[in-house]
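Asks: The structure follows.
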Amino acid sequence: MKAAIKRAAAAVAWLWAAPWALRYLLLSRAIGRQRAFAWACQDAARWPGLPGAYRRRAMLRRMGVKVAADCHIEFGTLLSKPTIEIGPGAYVGAYCCLGDVRIGAKTMIADGVHVPSGAFQHGTARTDIPMADQPGCYRTVTIGADCWIGAAAVILADVGDGAVVAAGAVVTAPVDPYAIVAGVPARPIGSRRPLTV
């Protein structure tokens, strides 16, 4: 029964998302894909509750974004790049800011997490040119499957499968699979791998 209700809700959300997808398509032609995507996602971030989560997911899928049919994106979360990928069963908490990121299956991202498109979005090398005018370097950040990213963490580098990032941590270097990291900058404090004797 519960599965049937979920399927019905997803079908209603899919139908509801059609005009939003058309608006995105028209805006893409007028102002470019990147700006149209940001506009649509900022609008969608305001939709409350479980119906809002279904509507956000349906809208993203209608727009051609690679998000799984059963992922969950909470209220207030902003997506800035149409290249984002969210795997099956992944959960993204409220008020997150996600750039160009690939999120693996069954990964849990708590509230307030920031994942920009890498650590070097702004150039800083030259002092004779304002930083805002210097070219940056964007990259896809990968968060593996079955990860747990704690509240208010900042992820600037890749996180391996099964890893745990503590709340408030700032990941500046790649995190090994099944590592537990914490701090600023994030450092290993443990492992989820079973001890071998």
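All the letters of the sequence shown, read from the start, carry residue numbers 12 to 208 under my numbering.
Just so you know, even glycine gets a beta-carbon here, dropped at the ideal spot from N, CA and C.
(1) When the distance is taken between beta carbons, is A180 closer than 8 Å to V170?
(2) Could you tell me which uninterrupted beta strand (DSSP E) segments, each at least 3 residues in length, are contained entirely in the segment 118-197, listed from first to last along the chain?
(3) Assuming G100 contacts A116 (C-beta within less than 8 Å), just tell me the rounded distance between them.
(4) Output yes or no for whether 8 Å exceeds the beta carbon distance between A174 and G161.
(5) Note the first and the last residue of the continuous beta strand (DSSP E) segment covering I114.
(6) Sort A24, A19, Q53 and R57 by Cα distance to Y35 and report the nearest one.
(7) Along the alpha helix (DSSP H) that carries W50, what are the first and last residues, could you check?
(8) Going by CA-CA distance only, name the one from T151, V124 and I114 that's closest to Q10.
(9) Here's the rule I'm using: 16 or more other beta-carbon atoms within 10 Å means buried, otherwise exposed. How should C82 be labelled?
(10) Closest to G75 by C-alpha separation, out of A41, I97, D172 and I191, would be which residue?
(11) By how many angstroms is the C-alpha of A136 removed from the C-alpha of A105?
(12) List the residues that DSSP assigns as beta-bridge partners of K77.
(13) Since A190 and A177 are thought to touch, with beta carbons under 8 Å apart, how far apart are those beta carbons, to the nearest angstrom?
(14) Does the contact criterion of 3 or more C-beta pairs under 8 Å hold for the segment 23-35 versus the segment 60-79?
(15) Can you tell me whether S39 is helix, strand or coil according to DSSP?
(16) Confirm, please, whether the CB-CB distance from A49 to S91 is below 8 Å.
(17) When the distance is taken between beta carbons, is L167 closer than 8 Å to G201?
(18) Compare the C-alpha of R73 against each of A21, I42 and T88 and name the closest.
Replies: Looking at the atomic coordinates:
(1) For the purposes of this step, residue 170 is taken as the residue at position 159 of the sequence shown. For the purposes of this step, residue 180 is taken as the residue at position 169 of the sequence shown. Taking 8 Å as the cut-off, the beta carbon of V170 is found no closer than this to the beta carbon of A180.
(2) Runs found: 152-154 and 190-193.
(3) Here residue 100 is taken as the residue at index 89 of the sequence shown, counted from 1. Here residue 116 is taken as the residue at index 105 of the sequence shown, counted from 1. About 6 Å separates the two Cβ atoms, so the contact holds.
(4) As a first step, residue 174 must be located in the sequence shown, where it is residue number 163. As a first step, residue 161 must be located in the sequence shown, where it is residue number 150. Their beta carbons are not under 8 Å apart, which means A174 does not touch G161 by this criterion.
(5) Locating residue 114 in the sequence shown gives position 103, where the first residue counts as 1. Its beta strand (DSSP E) spans residues V112 to I114.
(6) Residue 35 sits at position 24 when you count from the first residue of the sequence shown. With distances taken between Cα atoms, Y35 lies closest to Q53.
(7) Your numbering for residue 50 matches position 39 in the sequence shown. Start and end: R44 to A55.
(8) The question about residue 10 has no answer, for the chain in this structure spans 12 to 208.
(9) Indexing the sequence shown from 1 puts residue 82 at position 71. With 16 or more other Cβ atoms within 10 Å, it is buried.
(10) The sequence position of residue 75 within the sequence shown is 64, counting from 1. Looking at A41, I97, D172 and I191, the one whose alpha-carbon comes closest to that of G75 is I97.
(11) The count along the sequence shown starts at 1 and reaches residue 105 at position 94. The count along the sequence shown starts at 1 and reaches residue 136 at position 125. Straight-line Cα distance between these residues: approximately 35 Å.
(12) Within the sequence shown, the letter at position 66 stands for residue 77. Answer by DSSP bridge pairing, in chain order: E96.
(13) Taking the sequence shown and counting its residues from 1, one reaches residue 190 at position 179. Taking the sequence shown and counting its residues from 1, one reaches residue 177 at position 166. Taking C-beta atoms under 8 Å as the contact rule, A190 and A177 fail to qualify, at a distance of about 11 Å.
(14) At 8 Å Cβ cutoff, the stretches touch.
(15) Against the sequence shown, residue 39 aligns to sequence position 28. In this structure, DSSP gives S39 a helical state, which the three-state scheme calls helix.
(16) Taking the sequence shown and counting its residues from 1, one reaches residue 91 at position 80. Taking the sequence shown and counting its residues from 1, one reaches residue 49 at position 38. Against a cut-off of 8 Å, the Cβ pair of A49 and S91 comes out as a contact.
(17) Residue numbering aside, residue 201 sits at position 190 when the sequence shown is read from its first letter. Residue numbering aside, residue 167 sits at position 156 when the sequence shown is read from its first letter. No, these two residues do not count as a Cβ contact at 8 Å.
(18) For the purposes of this step, residue 73 is taken as residue 62 along the sequence shown, with counting starting at 1. Relative to R73, the option among A21, I42 and T88 whose CA is nearest is A21.
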